[in-house]
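Numbering (the numbering used here), first residue to last: 28 to 281.
Just so you know, even glycine gets a beta-carbon here, dropped at the ideal spot from N, CA and C.
Here's the structure, in structure tokens; my notes come after.
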Ligand code: MG
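Here it is as structure tokens:
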């Protein structure tokens, strides 16, 4: 089952997507009552990010080839950071790059959406807390990341968190092909089986220090092949069985 959030005539709602038919929901993601008789075509709506996350947790260096390409040691436990929720961007939205900030990279990632309260969870319990899956681009100001020594600013600019295009209701995070394309050219190609720490471990790990709540999102790390984007580029993150997240890059208006 696929969940979308969409705008139509100024109103934002959640819906269920089947084929190219969107059935609006009476409430939010946690209220799955479809309003049948009110169906819309996908082409008639503007897709928004599929939810407004409570928190956006991210994992650094969770694919060994990516850690190596940036000259980093493999982590002994999951490396957690966060993106501000104001960085959220909808599918087909434009990533606005500040020209003064130097190199800006794409990072295609599998994102999980938490569906229930989760604290001190075992890996088994963690898996049960996963509501669904979507695609995320962990856009990164690489030069600022190095300069600052920590990542909040580099990862946190407005529009640096494209998310979507929808949430697939599934907790099956293994064995999914993940690919990033820049202007149609494949730049990242991997499989989620190549993660150092599986998703259940990531969720469990985060739940050992904070309470995960429904609507929290966890980006699970990017594979090898990261690289810069420039104004005018088109970037796509596609994950097998989930969907395709496409965004364009523009220079931030001064
Ligand atoms: Mg990342």
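Where residue i falls, given that 16 or more other Cβ within 10 Å makes a residue buried
i, result
"residue 117", "buried"
"residue 215", "buried"
"residue 280", "exposed"
"residue 154", "buried"
"residue 89", "buried"
"residue 120", "buried"
"residue 178", "buried"
"residue 213", "exposed"
"residue 64", "exposed"
"residue 95", "exposed"
"residue 210", "exposed"
"residue 190", "buried"
"residue 136", "buried"
"residue 256", "buried"
"residue 34", "exposed"
"residue 71", "exposed"
"residue 32", "buried"
"residue 101", "exposed"
"residue 132", "buried"
Three-state class that DSSP yields for residue i in the structure shown
i, result
"residue 29", "strand"
"residue 57", "coil"
"residue 246", "strand"
"residue 171", "helix"
"residue 227", "helix"
"residue 94", "helix"
"residue 196", "coil"
"residue 269", "coil"
"residue 112", "helix"
"residue 132", "strand"
"residue 144", "coil"
"residue 206", "strand"
"residue 234", "helix"
"residue 263", "strand"
"residue 156", "coil"
"residue 252", "coil"
Bridge partner(s) assigned by DSSP for residue i
i, result
"residue 177", "According to DSSP, which records beta bridges pairwise, residue 177 is partnered with nothing at all."
"residue 42", "31, 51"
"residue 87", "106"
"residue 72", "Its beta-bridge partners do not exist; DSSP assigns none."
"residue 222", "90"
"residue 26", "Only positions 28 to 281 of the chain appear in the structure, and residue 26 is not among them; the question remains open."
"residue 123", "277"
Inter-residue CB distance, residue i and residue j (contact presumed, cutoff 8 Å)
i, j, result
"residue 162", "residue 54", "With a Cβ gap of about 24 Å, residue 162 and residue 54 do not count as contacting."
"residue 104", "residue 227", "Contact doesn't hold; Cβ gap of about 14 Å is too wide."
"residue 62", "residue 77", "Actually they do not touch by this definition, with Cβ atoms about 18 Å apart."
"residue 203", "residue 268", "6 Å"
"residue 49", "residue 75", "Residue 49 to residue 75, Cβ: 12 Å. No contact."
"residue 157", "residue 144", "No, residue 157 and residue 144 are not in contact; Cβ-Cβ is about 13 Å, not under 8 Å."
"residue 29", "residue 193", "5 Å"
"residue 123", "residue 188", "Going by Cβ atoms, the distance from residue 123 to residue 188 rounds to 12 Å, so no, they are not a contact pair."
"residue 170", "residue 130", "5 Å"
"residue 25", "residue 67", "One cannot answer for residue 25 here, as it falls past the ends of the chain, which runs 28 to 281."
"residue 84", "residue 233", "6 Å"
"residue 278", "residue 106", "Not really, about 31 Å apart at Cβ, beyond 8 Å."
Open item on the list: Can you tell me which residues fall inside 5 Å of ligand 1, judged by beta-carbon distance to its nearest heavy atom, and keep chain order?
Closed with: This criterion selects 134, 165, 249.
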